[in-house]
């Protein structure tokens, strides 16, 4: 059955991505946290659609996601939602180039979110999220231009985050 499961193929697509050409230690810390977090939510949601809920893979993913609840509250990480919404108003063109998963989950006007650690695009829908969404979300997160924008010293998105942080701490 798993061989025919299109969600397994999407999950394998995530696992085949690489950050080999990037030094994630140089990513802006808040953006790095939310990048890894989006990958973890994609992994967990696809894992639930691909494997038994109680599989070791899903249990390990759930444990990480429980841990990250407290981690999200540390340092400047709570600013991220406000940053995404600030981009939407102040830098619409840059907001539109954010990965779909960030726009959906953190835009205050979008009903999407993380529910019980799963990605939920429409809380009122009982339909499974189409596999195409996951494939697109994974590809967007690993686009080279997006990854370059995360670098603390040179990244365009990192500079905008610093600009936003200065406005909220002033």
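Residue numbers (the numbering used here): -12 to 157. For glycine and all other residues, C-beta sits at the position ideal for the given N, C-alpha and C.
Check your understanding: Helix or strand or just coil, what does DSSP make of residue 142?
Key -> If DSSP states are grouped into helix, strand and coil, residue 142 belongs with coil.
Review point. Taking the alpha-carbon positions, what's the residue 17 to residue 128 distance?
Key: Rounded to whole angstroms, residue 17 to residue 128 spans 15 Å at the Cα level.
Practice item. Determine the DSSP secondary structure at residue 113, reduced to helix, strand or coil. Key: Coil at residue 113, not helix or strand.
Exercise for review: Mind listing, in chain order, the continuous beta strand (DSSP E) runs of no fewer than 3 residues lying wholly within the segment -3 to 29?
Suggested key: If you keep only unbroken beta strand (DSSP E) runs of at least 3 residues inside the segment -3 to 29, you get nothing at all.
Exercise for review: Could you please give the first and the last residue of the uninterrupted alpha helix (DSSP H) stretch that includes residue 51?
Suggested key: 43 to 58 is the extent of the alpha helix (DSSP H) around residue 51.
Review point. Could you give the uninterrupted runs of the beta strand (DSSP E) lying entirely in the segment 69 to 140, keeping only those of 3 residues or more?
Key: If you keep only unbroken beta strand (DSSP E) runs of at least 3 residues inside the segment 69 to 140, you get 100 to 102 and 105 to 107.
Check your understanding: If you count every other CB in all the chains shown that lies within 10 Å of the CB of residue 136, and 16 or more means buried, which is it?
Key -> Classified as buried, residue 136 has 16 or more neighbouring CB atoms from the shown chains inside 10 Å of its CB.
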